[in-house]
Structure formats: structure tokens, C-alpha cells
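Novice: Number 880 marks the last residue of the sequence shown (my numbering); no jumps.
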Amino acid sequence: MLAAAVLTATPSANADNKRLNDGVVANVYTVQHNAGCTNDVRINLQLQLAAQWHTVDVLNNRDLDGDLGSDGSTVQDRANAAGYRGSVAETVATNAALAISGIEVINQWYYNPAYLTIMQNCAYTQMGVWSENSLDRSVVVAVYGAPAEHTLPRGSA
């Protein structure tokens, strides 16, 4: 019985990654509001799935460290395949170590002018973040979404 209790009390890596992923969303919210945005940033599961696919791809393909997937897919391709409708952008952070902190992620993105522009874009009101780790590499991908406008057909309420 004691062994079972010890096993269930051990925190999982997934819980730590969830904390990191949620922290990235909170940090992007802060970056947006420091840039003058007034919107909320909400987690979108379709964008999270697109981020997960690319994170796993980058982790397993050492030649990748940017937005293009090993199959030639773009962030828009992956978001569309996950069912998201709207325009998207992506930021990718890699670290040659078992772990990466939220501060390291934001610093990589904040000091990259293209990534900072993405983070500061008030139109991106939805996000999906995913992180994965191996013994010698950590990858974090954030996919930002600006939802497509939904218009009702004429005559509907």
C-alpha cells in the first residue's frame, strides 16, 4: 500500500508542462496589455492541438527549430487541420536541456522582433501552447489565433 501512495503522490511531467503552458499564456496576456491591448487571451483547444503536433515534430526532428514542419506544413496548415477557422501565427522556443522555464521562453520570444510583434498583436485573442521535453531538448510552441468572423445567414436570428 505504501508504494502505491508514493507513486500517486509523485508529480507528473504533464502537470509541470501544463503549468508552463498556462504560464506562457499569462505572460503573453501581460505582453499584449503592456502594448495597449485590452482583450482577454483565451486558450483554444484546436490551437493547442496544432501546437502539440508541431512541438512533437520539432522535438523529434533536430533539423527543425522554426515554423515549418518536417512535412512542409505551415502553422496555418496545422491550425486548419485541427479545425480552427481564422488567421494564425506561431512562436517556437527550443532549449538544449531537459527543461525550459517560462522566463526563458518569454525572453527568447520577446527579444526576437518578429515574435514580439506576434505576441503584441491584439487581434490574437486565442492561443494554444504545448511543451515537450527529452533528456537533451525542450520545445515550446505557441499558436496564436484571430478567429474568423461568424456571420449569420440572412433571415436567421
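Glycine included, every Cβ here is placed at the ideal spot set by N, Cα and C. Given the structure is predicted, the values throughout are model-derived calculations rather than measurements.
1) If we ignore side chains and look at the alpha-carbon of each, how far apart do Asn844 and Asn762 end up?
2) To the nearest whole angstrom, what separates the beta carbons of Ala774 and Trp853, a pair I think is in contact under 8 Å?
3) Candidates Val863, Tyr867, Pro870: which alpha carbon is nearest Arg742's?
4) How many Å lie between Asn856 and Trp776 at the Cα?
5) When you compare only the Cα positions, how much space is there between Leu782 and Val828?
6) Going by beta-carbon coordinates alone, are Val869 and Ala837 separated by less than 7 Å?
7) Would you call the segment 794-809 and the segment 748-758 in contact, with 3 or more CB pairs under 8 Å?
8) The beta strand (DSSP E) that contains Asn818, what's its start and end?
9) Ends of the beta strand (DSSP E) at Gly868?
Specialist: Let me lay it out:
1) For the purposes of this step, residue 844 is identified with residue 121 of the sequence shown, where counting begins at 1. For the purposes of this step, residue 762 is identified with residue 39 of the sequence shown, where counting begins at 1. Answer to the nearest angstrom: the Cα atoms are 11 Å apart.
2) As a first step, residue 774 is located in the sequence shown; it is residue number 51 there, counting from the start. As a first step, residue 853 is located in the sequence shown; it is residue number 130 there, counting from the start. Yes, they are in contact, since the Cβ atoms of Ala774 and Trp853 sit about 4 Å apart, within 8 Å.
3) Residue mapping note: residue 742 aligns to position 19 of the sequence shown, counting from 1. Per the Cα distances, Val863.
4) Numbered from its first residue, the sequence shown carries residue 856 at position 133. Numbered from its first residue, the sequence shown carries residue 776 at position 53. Near 14 Å, if we compare the C-alpha coordinates of Trp776 and Asn856.
5) Taking the sequence shown and counting its residues from 1, one reaches residue 782 at position 59. Taking the sequence shown and counting its residues from 1, one reaches residue 828 at position 105. If you take the alpha carbons of Leu782 and Val828, they lie about 15 Å apart.
6) The residue you call residue 869 lines up with position 146 of the sequence shown. The residue you call residue 837 lines up with position 114 of the sequence shown. According to the sequence as given, residue 869 is Ala; it is not Val. Contact flag unset, no.
7) no
8) Here residue 818 refers to the residue found at position 95 when the sequence shown is read from its first residue. Counting along the chain, the beta strand (DSSP E) containing Asn818 begins and ends at 809-818.
9) Here the question's residue 868 lines up with position 145 in the sequence shown. Element bounds for Gly868: 860-870.
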